[in-house]
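See structure below.
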Amino acid sequence: MRNHYDYVLISGDFANIQPNQEGGVSQEEEQKAEQEIADILEQIEKIVDVPIFYIPGNHDPNSLLLPADKRSNLTYNSNNIHNDWTELRPNLALVALGGSTRSDFQKYGSLEQSEIYFPYPYSTDEQFKKDLDGLMEQESMPRNILLMTHDGPRGSSTAQDKTTFLDTGIIHFGSPYLAKLLQQNQGKIICNLHGHCHEGAALDKMKNIRIVNPGSLKHGEFGELKLKENPDGSWRVACFNKHYLN
876 MRNHYDYVLI SGDFANIQPN QEGGVSQEEE QKAEQEIADI LEQIEKIVDV
926 PIFYIPGNHD PNSLLLPADK RSNLTYNSNN IHNDWTELRP NLALVALGGS
976 TRSDFQKYGS LEQSEIYFPY PYSTDEQFKK DLDGLMEQES MPRNILLMTH
1026 DGPRGSSTAQ DKTTFLDTGI IHFGSPYLAK LLQQNQGKII CNLHGHCHEG
1076 AALDKMKNIR IVNPGSLKHG EFGELKLKEN PDGSWRVACF NKHYLN
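For reference, each letter of the sequence shown is one residue, going 876 to 1121 in the numbering used here.
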């Protein structure tokens, strides 16, 4: 197990606090959540002795969403990569952005959508776009990108909840701009790994880009993603396998 993986990637949430609630979250609640997250990361480090890259979701402590120079890693071998990127291999970068945009409920037979879950920290898709563009437009970015986001792309089956309101409608998670970005970056972005929508755990595609939602570890779900280097130095998704804890 220890030598089976190169990295562990976690797309949030870890906790279940409500940072968007009126008055915010108390310092005590934030610190408690941080310690619980550190405990989780330490347990994973004991199982798989490889670097861990993670991003916060919309229910994680606000401290995890601070700029990179104002936050500290919670454990020795884990890295909060929110709104940041790192080179995994020559010509391959991991680009990551946590947090969520708005989610909408749509009744069956209707074209109208109404906001159902409060987004955090991105109250608008334009705010999400600004941060994501800031990452993607860096000149030093490698040739290929593995994009890890907490929220998924709007319209993907991995970002749709068709079970919570089974008889009445569907919940659309995900960022419309993220979906547009994927459409415009065929050949550069090779995969979008995301979380947020527990009910949408699946594998999808937007043209040639794989969309992966491995599901919630709380519910025993996780996945293995294998990337392969092509003869010309570019990268592609070789396979994805869904697993369940015993």
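Ideal Cβ placement from N, Cα and C applies to all residues, glycine included. All values reported here derive from a predicted model rather than from experimental measurement.
Secondary structure at GLY1044: strand, using DSSP grouped into helix, strand and coil. By the C-beta density criterion, HIS1047 is buried, having at least 16 other C-beta atoms within 10 angstroms. Burial of ASN954 is indicated by the presence of at least 16 other C-beta atoms within 10 angstroms of its C-beta. Excluding its 5 nearest sequence neighbours in each direction, PHE1097 has C-beta neighbours in its own chain below 6 Å: PRO1089 and HIS1118, listed in chain order.
Around the Cβ of PRO1106, a 10 Å sphere holds fewer than 16 other Cβ atoms; the residue is exposed.
In this chain, MET1016 is not harboured by any alpha helix (DSSP H), its DSSP state being neither H nor E.
Nearest C-alpha to ARG1018 among LYS945, CYS1114 and LYS1063: LYS1063. Going by beta carbons, LYS1004 and TYR1052 fall inside the 8 Å limit. Apart from the 5 residues on each side of it in sequence, TRP1110 sits with its Cβ closer than 6 Å to the Cβ of LEU967, ASN1019, ILE1065, LEU1102 and GLU1104 in its chain, given in chain order. Taking a contact as a CB-CB distance under 8 Å, the pair ILE927 and ASN952 counts as one, their CB atoms being some 6 Å apart.
Here ALA971 is buried. Its C-beta has 16 or more other C-beta atoms within 10 Å. DSSP, read as helix, strand or coil, puts ILE1020 in strand. The DSSP assignment places 967-972 and 978-982 as complete runs of the beta strand (DSSP E) inside the region 960-989, in order along the chain (cut-off: 3 residues). For ASP1006, the three-state secondary structure derived from DSSP is helix.
Residue range 1077-1081 is occupied by the beta strand (DSSP E) that includes LYS1080. Restricted to the region 1059-1119, the beta strand (DSSP E) segments that are unbroken, complete and at least 3 residues in length are 1064-1069, 1077-1081, 1084-1088, 1096-1104 and 1110-1119, listed in chain order. For GLU987, the closest of ILE1045, ASP1008, GLY974 and LEU1010 by C-alpha to C-alpha distance is ILE1045.
When only Cα atoms are considered, GLY1070 and GLN1058 end up about 19 Å apart. Apart from sequence neighbours up to five positions away, the residues of its chain that approach ALA1054 with a beta-carbon distance below 8 Å are PRO1028, ARG1029, GLY1030, SER1031 and MET1081, ordered along the chain. In the three-state scheme derived from DSSP, where H, G and I count as helix and E and B as strand, ASN891 is classed as coil.
Annotation note: the region 898-932 contains the following uninterrupted beta strand (DSSP E) runs of length 3 or greater, listed N- to C-terminal: 927-929. Our two residues, VAL925 and TYR882, have alpha carbons roughly 6 Å apart in a direct line.
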